[in-house]
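What follows is a short report on a single structure.
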Amino acid sequence: MGLISTVTDALAGSTETAPGVAGDDGSEGSYWCDDCGVRVRDVDVDDEGLDRDDEGVPACPDCGDAMRFERASGHGCAC
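Residues in the sequence shown are numbered consecutively from 51, following my numbering.
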């Protein structure tokens, strides 16, 4: 195998998501508190026990303000 083939194969494999890795658990993004910098993935909101308003938006666990939802852009973590 040549050097170019090796590099091409390595780069192609780096974009795949392994089973059990973030991204295959139904997450569509994260909730953020812009003031505190707190981030909670959407699939973890209930596990974290965060309060929600009437529209289902979680409150920041640190300051109590409504959190902003940001969608993940592609596969993997909603970082």
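Note that beta-carbon positions come from the ideal geometry of N, C-alpha and C, so glycine has one too.
- Boundaries of the beta strand (DSSP E) harbouring V90: R89 to R91, taken from the DSSP string.
- The C-beta separation of E78 from A122 comes to about 6 angstroms, placing the pair in contact by the 8 angstroms criterion.
- Inside the segment 75 to 118, DSSP marks whole alpha helix (DSSP H) runs of 4 or more residues at positions 95 to 98, from first to last along the chain.
- For D85, same chain residues with a beta-carbon under 8 angstroms away, outside a window of 5 residues either side, are C110, C113 and D115 in chain order.
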